[in-house]
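One structure below.
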Amino acid sequence: MAPPKKEGTPSRPPVYTTSNGCPVFDPHASQRVGQNGPLLLQDFHLVDLLAHFDRERIPERVVHAKGAGAYGEFEVTDDISDLTCADFLSEVGKKTKVLVRFSTVGGEKGSPDSARDPRGFAIKFYTEEGNLDWVFNNTPIFFLRDPSKFPIFIHTQKRNPQTNLKDATMFWDYLSNNQEAIHQVMHLFSDRGTPYSYRHMNGYSGHTYKFVKADGSFVYVQIHLKTDQGNKTFNNEQAQELCATNPDHHTQDLFESIEKGAYPSWTVYVQTMTQEQAEKFNYSVFDLTKVWPQKEFPLRRFGKMTLNKNPENYFAEIEQAAFSPSHIVPGWEPSADPVLQSRLFSYPDTHRHRLGVNYQSIPANCPLKAHNPFQRDGAMAGLHKNNYGAEPNYTSSFAPLTYKKTATSPQHEQWVGKATTFSWKVTENDYAQAEGLWNVLGKTKGQQENFVHNVAVHLRDAVPEVQERTFQMFERVNRDLGKRLRTETAKAANLQPKL
Ligand code: NDP
Ligand code: HEM
């Protein structure tokens with residue numbers, strides 16, 4: 002690790018003080034009665050230091066706890082003003098500052114970067130019309146499409162409540178009983194489930210969103226960020242070895258690449274679908290477990306994102322970064338996908354718990370031009386605009402505000418229907434795209450073999466009943482795949498090292 006930079010160091014070092022600014026002569030000395038006597042409560046320096054240390058930790062993210070991030074810029078490379086009125090996309094060449102945080106999902110804050118897991122790919126655009134967050138993953142689909150399954154599913158990928166261990170039976174028991182997950186499971190257990198680094202992976206919106214125009218008309222969209230470094234992965238054993246030898250590999254790779262000027266970039270594309278096309282599409286566009294075939298809905302390039310600056314302080318800028326799909330700007334809207342709709346609630350809710358009610362005032366999250374004097378007070382108020390000073394805290398006729406009409410008025414969508422409870426049933430159609438990926442893997446030598454191996458060495462730890470249900474699930478994707486998995490899992494069980 003390089004020593005801290007000297008630039009900007011004043012000629013005389015700063016005077017060390019207590020938190021209230023009182024100079025301290027010896028930071029290692031504490032006040033006591035006589036040389037060996039007990040400590041004095043009046044020693045504010047020591048009490049101040051210990052009490053602050055006792056409170057250094059905030060809750061880690063309930064998912065995506067381990068991550069790394071950097072700043073950069075997004076540049077519009079191709080005109081898409083026919084699709085959206087978003088100001089930051091309004092003209093070719095326009096640049097917007099971004100903050101990006103990559104992450105693993107299931108592990109704790111200190112867990113290894115190279116674990117088999119989807120990767121988070123969260124981007125905050127600091128636009129002139131507010132902060133837009135793209136809270137994406139490195140897979141184009143997800144494990145579920147009914148939002149109430151999310152907490153339940155996540156529990157099965159984390160630790161057993163009794164043993165506090167990761168648990169293969171729990172893991173596969175859930176997945177084999179909720180087989181809409183199969184497409185995402187195919188991505189997870191391909192070698193793309195263990196990317197070489199954060200720089201060498203794609204990002205996908207996963208959900209359907211909407212590009213909206215000033216007249217309120219819209220198209221459905223899916224966003225793809227394709228790595229300009231090329232997709233590169235570890236195989237299962239390389240990834241596992243790195244978990245032990247360098248658990249922070251991806252974090253280090255990102256920081257050091259940027260530090261030496263090898264700035265990673267991604268080319269950004271959009272797939273579009275009209276409402277008429279959506280009605281005829283083989284799947285619901287609100288089904289998060291499905292992609293839009295690229296031959297039918299081709300990728301259209303519109304931008305490039307480059308990361309070119311490391312944070313100066315990890316905790317302030319990355320740990321406290323708060324992304325949410327509900328942080329939107331005119332021209333970009335969520336679709337009615339129920340998982341996305343739930344996420345609109347869940348992220349700000351967890352931010353208020355994790356960072357406090359004024360989380361948007363933390364510099365990393367603070368928009369360029371926010372002005373909301375009706376949100377006042379609360380813990381840590383005053384970070385932004387001195388808590389709006391003397392400005393009225395109501396819609397005052399003496400100090401009126403300007404209210405700007407935007408394209409996000411809800412007139413363009415009208416929903417009518419009977420209140421109902423609905424959960425999505427699994428049908429044969431749910432296995433077709435999973436087989437599509439199995440076929441994509443078949444185009445590169447060794448990828449199908451690696452897939453079978455990656456599942457087998459994980460599934461061998463589950464109980465036989467769960468293994469059997471899982472084999473049957475993969476047989477529904479492809480008979481040959483199911484057969485090969487049975488054989489490989491049996492072989493892997495024999496090779497398993499015993500404690
Ligand atoms: P296409 O043949 O048009 O596209 C295949 C896609 O798969 C490309 O985007 C490619 O993008 C990606 N890909 C290539 N190798 C792998 C891999 N080892 N793991 C994951 N993705 C890979 O096919 P379709 O659009 O008809 O989709 C076929 C299958 O491809 C789907 O079932 C889906 O699982 C997968 N896929 C589809 C995407 C989509 O949005 N349509 C996106 C990503 C995957 P690249 O190599 O640049 O990542
Ligand atoms: C992080 C909830 C689905 C991508 C989080 C966090 C929560 C959460 C509570 C922690 C946020 C924080 O503490 O700052 C949910 C719920 C989901 C869901 C309830 C479904 C109902 C998804 C999906 C994606 C996704 C489908 C991607 C398409 C992310 C990312 C992060 C994250 C990238 C990390 C953000 C960061 O870097 O700070 N999620 N999530 N999540 N989620 Fe989700």
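Just so we're on the same page, our numbering is the position in the sequence shown counted from 1, plus 1.
Quick reminder that beta carbons are idealized off the backbone N, C-alpha and C, glycines included.
Checklist entry - Can you check whether the CB of LYS95 is closer than 7 Å to the CB of VAL77? => result As a position in the sequence shown, residue 77 is number 76, starting the count at 1. As a position in the sequence shown, residue 95 is number 94, starting the count at 1. Against a cut-off of 7 Å, the Cβ pair of LYS95 and VAL77 comes out as a contact.
Item to check | Distance, ALA69 Cα to ILE319 Cα | outcome: On the sequence shown, position 318 is the one that residue 319 refers to. On the sequence shown, position 68 is the one that residue 69 refers to. Going by the C-alpha atoms only, they are around 7 Å apart.
Item to check | Cα-Cα separation, THR290 to LEU384 | outcome: On the sequence shown, position 289 is the one that residue 290 refers to. On the sequence shown, position 383 is the one that residue 384 refers to. When rounded, the distance between both Cα atoms is 41 Å.
Checklist entry - Between PRO326 and PRO335, which are expected to be in contact by the criterion C-beta below 8 Å, what is the C-beta distance as a whole number of angstroms? => result Stepping through the sequence shown from its first residue, residue 326 is reached at position 325. Stepping through the sequence shown from its first residue, residue 335 is reached at position 334. That pair is a contact at about 6 Å.
Next on the checklist: My output table needs one value for SER347: the three-state DSSP class, helix, strand or coil.
Outcome noted: Taking the first residue of the sequence shown as position 1, residue 347 is located at position 346. If DSSP states are grouped into helix, strand and coil, SER347 belongs with the helices.
Next on the checklist: Between which two residues does the alpha helix (DSSP H) holding GLY231 run?
Outcome noted: The residue you call residue 231 lines up with position 230 of the sequence shown. Element bounds for GLY231: n/a, residue is neither H nor E.
Next on the checklist: Given 6 Å as the limit, tell me if ARG301 has its C-beta closer than that to any heavy atom belonging to ligand 1.
Outcome noted: Translated into the one-based positions of the sequence shown, residue 301 becomes position 300. Incorrect: ARG301 has no Cβ contact closer than 6 Å to ligand 1.
Checklist entry - Nearest to SER424 by alpha carbon, out of ASN283, PRO148, ASN430? => result Sequence index remark: in the sequence shown, residue 424 carries index 423 (1-based). If we check each option's Cα against that of SER424, PRO148 comes out closest.
Next on the checklist: Let's test the definition: count the other Cβ atoms within 10 Å of the Cβ of ALA337 and tell me whether it reaches 16, buried, or not, exposed.
Outcome noted: Mapped onto the sequence shown, residue 337 falls at position 336. Label assigned to ALA337: exposed.
Item to check | Close-in-space but distant-in-sequence residues of the same chain around TYR175 (CB under 7 Å, 5 per side omitted) | outcome: Position 174 of the sequence shown, counted from the start, is the residue given in the question as residue 175. Excluding sequence neighbours, TYR175 sits near PHE154, THR157.
Next on the checklist: Let me check understanding here. Comparing Cα to Cα, which of VAL48, GLY22, VAL16, PRO15 lies closest to SER31?
Outcome noted: Reading the sequence shown from its first residue, position 30 is the one you call residue 31. The shortest C-alpha separation from SER31 is found at VAL48.
Checklist entry - Are the beta-carbon atoms of PHE103 and TYR199 separated by less than 7 Å? => result Residue numbering aside, residue 103 sits at position 102 when the sequence shown is read from its first letter. Residue numbering aside, residue 199 sits at position 198 when the sequence shown is read from its first letter. Yes.
Checklist entry - At which residues does the alpha helix (DSSP H) containing ALA435 begin and terminate? => result As a position in the sequence shown, residue 435 is number 434, starting the count at 1. ALA435 -> alpha helix (DSSP H) spans 433 to 442.
Next on the checklist: If we define contact as Cβ-Cβ less than 7 Å, is THR246 a contact residue for chain B?
Outcome noted: Absent from the structure is chain B; it holds one protein chain and no more.
Next on the checklist: If you follow the beta strand (DSSP E) that ASP134 is in, where does it begin and where does it stop?
Outcome noted: The sequence position of residue 134 within the sequence shown is 133, counting from 1. Element bounds for ASP134: 131 to 138.
Item to check | Whole-angstrom distance between VAL286 and TYR197, CA atom to CA atom | outcome: For the purposes of this step, residue 197 is taken as the residue at position 196 of the sequence shown. For the purposes of this step, residue 286 is taken as the residue at position 285 of the sequence shown. The straight-line gap from Cα to Cα measures roughly 31 Å.
Checklist entry - Bridge partners of TYR72, per DSSP? => result Mapped onto the sequence shown, residue 72 falls at position 71. Per DSSP, LEU100, LYS310.
Checklist entry - Roughly how far, in whole angstroms, is the beta-carbon of TYR264 from the beta-carbon of LEU308, given that I think they are within contact range, below 8 Å? => result Here residue 264 refers to the residue found at position 263 of the sequence shown. Here residue 308 refers to the residue found at position 307 of the sequence shown. Rounded, the Cβ-Cβ distance is 6 Å, consistent with contact.
Item to check | Buried versus exposed, by CB contacts within 10 Å (16 or more), LEU226 | outcome: Taking the first residue of the sequence shown as 1, we reach residue 226 at position 225. LEU226 comes out buried.
Next on the checklist: Looking only at its chain, what residues have a beta carbon closer than 7 Å to the beta carbon of LEU341, apart from the 5 residues adjacent to it on each side?
Outcome noted: The residue labelled residue 341 in the question sits at position 340 within the sequence shown. Within the same chain, LEU341 has close Cβ partners HIS208, PRO326, PRO335.
Checklist entry - Nearest to PHE26 by CA position, among ASP44, GLY38, ASN366, is which residue? => result Your numbering for residue 26 matches position 25 in the sequence shown. Of the listed residues, the one whose Cα sits closest to PHE26 is ASP44.
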